[in-house]
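Worksheet for the structure shown next.
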Amino acid sequence: MSHAAIVEERPSTLRGASLPKWSPWAIAVGSVVVAVGIGLVAGLDSKVQWGLIAGLLFLFATYGIAAAVEGRRQAKDRIATGLVWVAFLLAVVPLVSLVWTTVSRGVKVLDVYFLTHSMGIVADSQPGGGIYHAIIGSIEQVGLATIIAAPIGVLTAIYLVEYGRGKLSRAVTFFVDVMTGVPSIVAGLFILSIMLIFEMEPFGFAGSLALAILMMPVVVRSTEEMLKLVPNELREASLALGVPKWRTILKVVLPTSIGGIMTGIMLAVARIAGETAPVLLLVFGNRFINNNPFEGAQQSLPLYIYQQYANSAGANAAYDRAWAASLTLIAFVMILNLVARGIARWKAPKSGR
Amino acid sequence: MAKRIDVSGLSAYYGSFRAIEDISMTVEPRTVTAFIGPSGCGKSTFLRTLNRMHEVTSGGRVEGKVMLDDENLYAAGVDPVAVRREVGMVFQRPNPFPTMSVFDNVAAGLRLNGSYKKSELSDVVEKSLKGANLWNEVKDRLNKPGSGLSGGQQQRLCIARAIAVEPKVLLMDEPCSALDPISTLAIEDLIGELKERFTIVIVTHNMQQAARVSDRTAFFNLAAVGQPGKLIEIDDTERIFSNPSVQATEDYISGRFG
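Read top to bottom, the protein sequences are chains Z and L.
Taking numbering that gives the first Met the number 0, I'd label the letters of the first sequence as residues 0 to 352.
Taking numbering that gives the first Met the number 0, I'd label the letters of the second sequence as residues 0 to 257.
Dropping the structure here:
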């Protein structure tokens, strides 16, 4: 016997219609095509405008199609995803474009000769020469600034987090906050005024002092955050063993946070490596190699780039050198970042089994 | 050499707020004393006054006397760091030092206070890990990080670390509350062994644990919220759980509040 079962087709309350997986891509391609079409028809030249039209079309189309097929909540979800993607592209495209431009223009003159010779007898409008003197200058100035600013910054942060309770620590925090906002040229002018009082000539270490002023508050802030991340129970465990407070900080708190502290210092270094204004005032620039930062003007990478651009009267050779120096500077900063990440990972509290 | 603790007239403050008031008691050497009582009644605060950890908290202040054998821990001129070497502490959540291996963790108490040769440390580390019933489980992985162990093992590691410096008294602040029943049993057995060498004071929320593990039990309570905690009764564990003298104790033990 067979039953003719009466089955009521009730729509499932748990499922709804959904767009296929390739739909965002399809909508994106579609909006780009339509935007290009509109751009061509309306006579808009700028690719940026086409891009903006495409972005807007993508968002509207996503919302409309999703609302019709899936429902309003899914449509809003897709819109949010779309906005995030658009924001990501807005952030990444200029960055990629910058790196691409620098690399493609910088490699023209970048070779071993360029990295190992200075400008010496080569005039700014002539081809040839190199950035060895600028590299040496940058390394020395930034290095000396780090040697000054990093210990002072770390010790200040230790005071603020581990010991500071009263008026002094509030004052220190206030001044560190103020220093974070000091424009780089003001730091340069400050050191310059001291130099003028003593009638000193430009020299590399003066630039280091200004860079140290700029670097210190960054190091203090980031070290403070890293120290605060160390759980209090570790300090208590060490104190309960009868370890004095200073030893607890030195042997337990600092090793636990050292990875983050090093990252903070490296990032501060990366920031000051590109500062031009104080170097312009205090170090003045030099065509020749000067290995001594305590005597005589020196060159530095950002200053070199500026001077090549400004003093070259449009000569292509100078622009090429400026681009190559920019590429070197970016590479220098990137290597520092990678080293910082490497140290942080190596020193991170391990959880091996 | 376990020591005896004599507390008289102890009050502890957080700023101007009096957390515990006028506590007096005696803890005999080589015994286990349990502190029980409802949440917020000051048991942990009182425990922390016994090794001068209370003053580490911001605003912490203590009045009264704590005699360790015949020395007052709160006398003028007493070095809190030296006190903490004699009175060790194990905390509620296991907190091994994350940047150190198992070996370094156990040796930390010694190493952070002086320089020792590796051979001297090896003996102490092995003895402490055996004392904490952890040696067999970690003897092949002494150089691996301390944080790679399970919760119960980490807590036993912290106990090994605490006993490696040979304190006279061992304070334990709810050592098993973050652990599963099997690990809890392992630690309770351990306490039974450790009491031959140290005086032990343990704060616990678990009354059955207090009944299993301790020789004497102290019951703390608050008169009302915002009032300081007081010691209501201290007596042999058997008597407290079968025939307490104070009604409040009986109410707490039979679960009428808490």
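Quick reminder that beta carbons are idealized off the backbone N, C-alpha and C, glycines included.
Where the alpha helix (DSSP H) through residue i begins and ends
i: residue 194 of chain L; result: It is not in any alpha helix (DSSP H) - residue 194 of chain L carries neither H nor E in the DSSP assignment.
i: residue 169 of chain L; result: That residue, residue 169 of chain L, is in no alpha helix (DSSP H); its beta strand (DSSP E) goes 168 to 172.
i: residue 332 of chain Z; result: 315 to 346
i: residue 198 of chain L; result: Per DSSP, residue 198 of chain L belongs to no alpha helix (DSSP H); it is in the beta strand (DSSP E), 198 to 202.
i: residue 132 of chain Z; result: 131 to 157
i: residue 231 of chain Z; result: 231 to 239
i: residue 104 of chain Z; result: 71 to 105
i: residue 275 of chain Z; result: Element bounds for residue 275 of chain Z: n/a, residue is neither H nor E.
i: residue 126 of chain Z; result: Note, residue 126 of chain Z: premise wrong, no alpha helix (DSSP H); not H, not E.
i: residue 175 of chain L; result: Premise fails: residue 175 of chain L is in no alpha helix (DSSP H) and is neither H nor E.
i: residue 206 of chain L; result: 206 to 212
i: residue 16 of chain Z; result: No alpha helix (DSSP H) holds residue 16 of chain Z; DSSP gives it neither H nor E.
i: residue 24 of chain Z; result: 22 to 41
i: residue 62 of chain Z; result: 46 to 68
i: residue 311 of chain Z; result: First-last for residue 311 of chain Z: undefined, no H or E at that position.
i: residue 113 of chain Z; result: 111 to 115
i: residue 249 of chain L; result: 246 to 252
i: residue 161 of chain L; result: 150 to 163
i: residue 46 of chain L; result: 42 to 48
i: residue 244 of chain Z; result: 244 to 247
Span of the beta strand (DSSP E), counted from its first residue to its last, around residue i
i: residue 309 of chain L; result: Any property of residue 309 of chain L remains undetermined from this structure, which presents chain L solely from 0 to 257.
i: residue 35 of chain L; result: 31 to 35
Residues that DSSP places opposite residue i in a beta bridge
i: residue 16 of chain L; result: L:13
i: residue 25 of chain L; result: L:5
i: residue 193 of chain Z; result: Residue 193 of chain Z is not bridged to any residue.
i: residue 297 of chain Z; result: Z:283
Whole-number beta carbon distance between residue j and residue i, since they are thought to touch under 8 Å
i: residue 48 of chain Z; j: residue 297 of chain Z; result: Going by Cβ atoms, the distance from residue 48 of chain Z to residue 297 of chain Z rounds to 46 Å, so no, they are not a contact pair.
i: residue 133 of chain Z; j: residue 303 of chain Z; result: 4 Å
i: residue 271 of chain Z; j: residue 213 of chain Z; result: 6 Å
i: residue 111 of chain Z; j: residue 218 of chain Z; result: Contact flag wrong, Cβ pair sits at about 35 Å.
i: residue 129 of chain Z; j: residue 113 of chain Z; result: 4 Å
i: residue 214 of chain L; j: residue 235 of chain L; result: 7 Å
i: residue 138 of chain Z; j: residue 277 of chain Z; result: Not quite, the Cβ-Cβ distance comes to about 17 Å (not below 8 Å), so this is no contact.
i: residue 41 of chain L; j: residue 225 of chain L; result: That belief does not hold up - the Cβ atoms of residue 41 of chain L and residue 225 of chain L are roughly 12 Å apart, past 8 Å.
i: residue 182 of chain L; j: residue 145 of chain L; result: That belief does not hold up - the Cβ atoms of residue 182 of chain L and residue 145 of chain L are roughly 16 Å apart, past 8 Å.
i: residue 35 of chain Z; j: residue 56 of chain Z; result: Wrong, their Cβ atoms sit about 11 Å apart, outside the cutoff.
i: residue 244 of chain Z; j: residue 253 of chain Z; result: About 13 Å; that fails the 8 Å criterion.
Next on the checklist: Tell me which residues of the region 141 to 163 of chain Z have at least one Cβ-Cβ distance to chain L shorter than 9 Å, keeping chain order.
Outcome noted: none
Item to check | Length at least 3, wholly inside the region 215 to 241 of chain L: the beta strand (DSSP E) runs in chain order | outcome: 215 to 221, 228 to 235
Item to check | Residues of the region 36 to 48 of chain L with Cβ closer than 7 Å to any Cβ of chain Z, in chain order | outcome: none
Item to check | alpha helix (DSSP H) runs wholly inside the region 97 to 143 of chain L, at least 4 long, in chain order | outcome: 101 to 110, 117 to 130, 134 to 137
Next on the checklist: Residues of the region 91 to 115 of chain L in Cβ contact with chain Z at a cutoff of 7 Å, in chain order, please.
Outcome noted: 92, 94, 96, 97, 98, 107, 108, 111, 112
Next on the checklist: Counting only Cβ-Cβ distances shorter than 7 Å, please list the residues of the region 46 to 80 of chain L near chain Z, keeping chain order.
Outcome noted: 50, 52, 55, 80
Item to check | Whole beta strand (DSSP E) elements within the region 69 to 96 of chain L, 3-residue minimum | outcome: 86 to 89
Next on the checklist: Against chain L, which members of the region 244 to 259 of chain Z pass a CB distance test of less than 7 Å?
Outcome noted: 246, 250, 251, 254, 255
Item to check | Any alpha helix (DSSP H) of 4 or more consecutive residues that is wholly inside the region 164 to 221 of chain Z | outcome: 166 to 179, 183 to 196
Item to check | Chain-ordered residues of the region 192 to 220 of chain L with a beta carbon less than 9 Å from chain Z | outcome: none
Checklist entry - What residues in the region 160 to 173 of chain L bring their beta carbon closer than 9 Å to a beta carbon of chain Z? => result 160, 161, 163, 164, 166, 170
Item to check | Residues in the region 230 to 245 of chain Z having any Cβ partner in chain L nearer than 9 Å | outcome: 230, 232, 233, 234, 235, 236, 237, 238, 239, 240, 241, 242, 243, 244
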